[in-house]
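Single-structure report; data block below.
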Amino acid sequence: MDMRANVLSVRGLKVDFTTPDGDVKAVKGIDLDVKPGETLAVVGESGSGKSQTMMGIMGLLANNGRVTGSAKYRGRELIGLPLKGLNEVRGAKITMIFQEPMTSLDPLYTIGRQIAEPIVHHKGVSFKQAKVRVLELLKLVGIPDPERRINSYPHEMSGGQRQRVMIAMALANEPDLLIADEPTTALDVTIQAQILDLLRELQKRFGMAIVLITHDLGIVKHFADRVVVMRRGEVVERGNIEQIFEHPKEDYTRMLIDAVPSGAKEPPEDSAPIILEGRNVAVDFAIGGGFFTRATKLFRAVDGVTVRLKRGQTIGIVGESGSGKSTLGRALLRLLPSSGHYHFGDRNISNFDRSAMRPLRKELQLVFQDPYGSLSPRQTVGEIITEGLRIHEPQLSRAERDKRAIAALKEVGLDPAARNRYPHEFSGGQRQRIAIARAVILKPKVVILDEPTSALDRSVQGQVIELLRDLQEKHGLSYIFISHDLAVIKAMSDYVIVMKNGKIVEEGETEDIFDTPHDTYTKTLMAAAFDLE
Amino acid sequence: MFHFVLRRLASAVPTLFIVVTLSFFLMRFAPGGPFNLERPLPPATMENLMKAYHLDQPLWNQYLQYLKNAVTGDFGPSYIYKDNTIAELIGKGLPYSITLGSYALLLALFGGVFIGTIAALRQNSFLDFLIMSIATVGVTVPNFVVGPVLTLVFAVLLSLLPAGGWGDGSWRFLILPMIALALPQLAVFARLTRGSMIEGLHTDHIRTARAYGLPPRVVVITHAMRGALLPVVSYLAPCAAALLTGSAVVESIFTIPGVGRYFVLGAINRDYTLVMGTVVLVAIFVIVFNLLVDILYGLLDPRVRHD
Chain A
1 MDMRANVLSV
11 RGLKVDFTTP
21 DGDVKAVKGI
31 DLDVKPGETL
41 AVVGESGSGK
51 SQTMMGIMGL
61 LANNGRVTGS
71 AKYRGRELIG
81 LPLKGLNEVR
91 GAKITMIFQE
101 PMTSLDPLYT
111 IGRQIAEPIV
121 HHKGVSFKQA
131 KVRVLELLKL
141 VGIPDPERRI
151 NSYPHEMSGG
161 QRQRVMIAMA
171 LANEPDLLIA
181 DEPTTALDVT
191 IQAQILDLLR
201 ELQKRFGMAI
211 VLITHDLGIV
221 KHFADRVVVM
231 RRGEVVERGN
241 IEQIFEHPKE
251 DYTRMLIDAV
261 PSGAKEPPED
271 SAPIILEGRN
281 VAVDFAIGGG
291 FFTRATKLFR
301 AVDGVTVRLK
311 RGQTIGIVGE
321 SGSGKSTLGR
331 ALLRLLPSSG
341 HYHFGDRNIS
351 NFDRSAMRPL
361 RKELQLVFQD
371 PYGSLSPRQT
381 VGEIITEGLR
391 IHEPQLSRAE
401 RDKRAIAALK
411 EVGLDPAARN
421 RYPHEFSGGQ
431 RQRIAIARAV
441 ILKPKVVILD
451 EPTSALDRSV
461 QGQVIELLRD
471 LQEKHGLSYI
481 FISHDLAVIK
491 AMSDYVIVMK
501 NGKIVEEGET
511 EDIFDTPHDT
521 YTKTLMAAAF
531 DLE
Chain B
1 MFHFVLRRLA
11 SAVPTLFIVV
21 TLSFFLMRFA
31 PGGPFNLERP
41 LPPATMENLM
51 KAYHLDQPLW
61 NQYLQYLKNA
71 VTGDFGPSYI
81 YKDNTIAELI
91 GKGLPYSITL
101 GSYALLLALF
111 GGVFIGTIAA
121 LRQNSFLDFL
131 IMSIATVGVT
141 VPNFVVGPVL
151 TLVFAVLLSL
161 LPAGGWGDGS
171 WRFLILPMIA
181 LALPQLAVFA
191 RLTRGSMIEG
201 LHTDHIRTAR
211 AYGLPPRVVV
221 ITHAMRGALL
231 PVVSYLAPCA
241 AALLTGSAVV
251 ESIFTIPGVG
261 RYFVLGAINR
271 DYTLVMGTVV
281 LVAIFVIVFN
291 LLVDILYGLL
301 DPRVRHD
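Protein chains in written order, with UniProt numbering: chain A, 1 to 533; chain B, 1 to 307.
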């Protein structure tokens, strides 16, 4: 095949990083071709080198990174090209959008100016002349009222809108190739669908090729023409969509495809007693107000929600960011000031203050989303998971605590030797297991899981869900499972609550909600999540 | 914006009131008084002096009297520099201090930001190391060492510049005191700039700017530096207030007739009105520069804009 026919041809590309612990080979000599107008998905889990490949080609590696090999844009070698030459290509012929819409734009300049910048620098026009084109682009990417929004700053826009601004910037010079690095990962599902639709439509209109870097096979199936699967810096499989999804050759590819969480949970028996109840839960946050002035406004984050959790039940709470789902979880555990009536077992805990709640904390546990931030980096795993025991069961001897730690680590599928190591020595999935061990070691009755799988790769997600299910069965745990991820909710819970703007819009048994949603918002949510798959 | 400035100026009134009150009473609680000289005055003379300056009245009366006069801009006579009012003393000295201080401020700001940026762009290189070592020296070596060394080298040994005095106010007289005054602040600006530039150069939006092929000049100056200057700007207010109201040490070494020495002389001699005058002066400078810096901050960063 004539290599010049490709927009991008990559041969033997390697990326290395120099670190204090020696060289890390992030990409180990890969080949790629991108044809004009096609969409190539580069799929892999974290650490597969998919992003670093593109960063290497675009000259965007961190200071300790090194790229070797060949990457040709329409026959022109990009690797080793002096900055001046590289800058003729990037931003004009090849453009990029990134995962982080919140931070990828400069907070100090209007979005109009930022979209204009690549036009000004590549076309040699003035900012004034570029303005017409900027307005046109804003209209194109569906920003309402562009005449006004052109003067907005990034912090005045939502995540979805910022990603639209990035896309406008990417299209400004009519590129041949758009590299989209996890463009929707940080966005809510409904927004995710809108952004992907927009990209697809714009591609149809302008005919540029797209390289989509993602960990999410769900969006690949409907969006890409061809797929390259990467693992540990190497390409393990490549092919068109049909080949990859219908007849994957490699176990790893199959694992990625199957990794979408599956299974369902049987509801508990009708006679199962209610273990945790919150009636008319409401939480207000104060906005504004300074040291001397009272808060000017109250923001109602949770607005009169009632939740009844039965023993052995898993209630899934779904909602997009800002829906109040995490706040509700904390309110149910009485971790923040809230109004409403609360019962734990047969005890009325509505008026319990912090010290009154303390003895109950053992039975009401919380697992967080961020497995990196929620474990103290200066404690060993053993100290982390036994800390609760020291408070709630102070009569235990050191040896007994250690025994419990070993049992808990075994239970979550970790080597008991882990208790003498520090959190940074573990992967994200392992850390989440440590966080779960910290909760189950206390033998709790209720565990609130706040996005426990959201920061994890799909394959690891599946394992964590499996673990949580096993633990539930074994110990008769009741879960409240908070997530924005409908696939995970479906696999985990027997009852679903859909939240929006602090209110419940719909609730019911998982099957009913997923098969026959009634509320329009629920329907949009379902469509956005599952039409992609 | 207009409302913001008005509000801030209004809030300056209670601040000044608290400053005046605290320093008035603190000063009075310090042992000794303006007329307690090494050789005690005869009791009759002392009594007359106390009466003349109303120091024989109850403290509360003196305080209220001082407040009343201060509101009308009358800060009273100096106890030590007889025949001079505080307003006259400050009015005479302040132009010298402000002139010297402004040059020192400009040198510190632009010099510090410039070398800080260079160090950040060449992070961990020999140049970076060198600049930061010099900056550390700048912060740690006090200006009563820097001043005499400068004088020794440039005035005594090389005879290039005058050793002190104001002369006709030409740059030749300004250069050495300006450097002595600016050096520690320049070092602080350099360190601040380097730190925030290094952070700024690693942000996602700098990656965006590079990914879109913007020239290095635009990436560094337009995008990285504007954000990196925010902490520098915050430091500008206390720094400007300190430099423009004069430095007792530098003004003494280079015999410059500014207001800096009044702090020390006033405090040592228990010249109550002089101390109060200088305290109010510094307070006003701090308040004004904080306001200016907040406005500047708003211009640089739209997220904290006051409208």
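The beta-carbon is built from N, C-alpha and C at its ideal position, and this holds for glycine as well.
- In the structure shown, Glu269 of chain A falls within a coil segment according to DSSP collapsed to helix, strand and coil.
- The C-beta separation of Ile385 of chain A from Ile497 of chain A comes to about 30 Å, leaving the pair out of contact by the 8 Å criterion.
- Boundaries of the alpha helix (DSSP H) harbouring Gly85 of chain A: Leu83 to Val89, taken from the DSSP string.
- Residue pairing from DSSP places Phe285 of chain A in a beta bridge opposite A:Phe299.
- Against chain A, the CB of Tyr212 of chain B has a partner CB under 8 Å away; the residue lies at that interface.
- For Met132 of chain B, there is no enclosing beta strand (DSSP E); the residue is part of the alpha helix (DSSP H) that begins and ends at Phe126 to Thr140.
- Per DSSP, reduced to three states, the secondary structure at Pro77 of chain B is strand.
- Per the DSSP secondary-structure output, Met230 of chain A pairs in a beta bridge with A:Val235.
- Counted as a single uninterrupted DSSP element, the alpha helix (DSSP H) harbouring Ser196 of chain B occupies residues Trp171 to Leu201.
- With contacts defined as CB atoms closer than 8 Å, Leu89 of chain B and Tyr81 of chain B qualify as a contacting pair.
- Annotation for Leu137 of chain A: Ile115, Ala168, Leu171 and Ala172 place their beta carbon closer than 7 Å to its own, counting only its chain and skipping 5 residues before and after.
- Of all residues in the segment 123 to 153 of chain A, only Tyr153 place a beta-carbon less than 7 Å from a beta-carbon of chain B.
- The segment 120 to 127 of chain A makes no contact with the segment 158 to 167 of chain A: fewer than 3 CB pairs, one atom from each, lie closer than 8 Å.
- For His121 of chain A, no beta strand (DSSP E) encloses it; the enclosing alpha helix (DSSP H) starts and ends at Ile111 to Lys123.
- Put simply, the CB of Pro231 of chain B is far from chain A, with every gap to its CB atoms at 8 Å or more.
- Approximately 7 Å separates the beta-carbon atoms of Pro267 of chain A and Gln313 of chain A; this is inside 8 Å, confirming the contact.
- Interface annotation, His121 of chain A: in contact with chain B, CB-CB separation under 8 Å.
- Its chain contains Val125, Ala130, Arg133, Ala172 and Asn173 as the residues whose beta carbon lies nearer than 7 Å to that of Ile119 of chain A, once the 5 sequence neighbours on both sides are disregarded; these appear in chain order.
- In chain B, no part has a C-beta under 8 Å from the C-beta of Leu202 of chain A; the shortest such distance is about 17 Å.
- The beta carbons of Val218 of chain B and Val139 of chain B sit no closer together than 8 Å.
- Under the Cβ criterion of 8 Å, Thr208 of chain B is counted among the residues facing chain A.
- Annotation for Glu511 of chain A: the continuous alpha helix (DSSP H) segment containing it runs Thr510 to Asp515.
- For Leu300 of chain B, the closest Cβ of chain A is nearer than 8 Å.
- Nearest in C-alpha terms to Pro107 of chain A, of all of A:Asn64, A:Met58, A:His155 and A:Ala62, is A:His155.
- Taking 8 Å as the CB threshold, Glu100 of chain A lines the interface with chain B.
- When secondary structure is reduced to three states using DSSP, Gln379 of chain A falls in the coil class, being assigned neither helix nor strand.
- Residue nearest to Asp512 of chain A within the set A:Tyr495, A:Lys500 and A:Lys503 is A:Tyr495 (criterion: CA-CA distance).
- Among the bridge pairs identified by DSSP, Gln365 of chain A is matched with A:Val447.
- Cβ contact annotation for Asp370 of chain A (same chain, cutoff 8 Å, sequence separation greater than five): Ala455, in chain order.
- Around the CB of Leu236 of chain B, 16 or more other CB atoms lie within 10 Å, so the residue is classed as buried.
- Using a CB distance cut-off of 8 Å, Arg90 of chain A counts as an interface residue toward chain B.
- When C-beta distances to chain B are compared with 7 Å, every residue of the segment 356 to 377 of chain A stays at or above that value.
- Excluding residues up to 5 positions away in sequence, Phe17 lie with their Cβ nearer than 6 Å to the Cβ of Val24 of chain A in the same chain.
- The residue from A:Tyr153, A:Gln99, A:Ser70 and A:Leu177 with its alpha-carbon nearest to that of Val89 of chain A is A:Leu177.
- Take Arg305 of chain B, set aside five residues on each side of it, and the residues of its chain with a beta-carbon closer than 7 Å to its own are Gly298, in chain order.
- By a beta-carbon distance limit of 8 Å, Ala435 of chain A does not contact Val447 of chain A. Their separation comes to about 11 Å.
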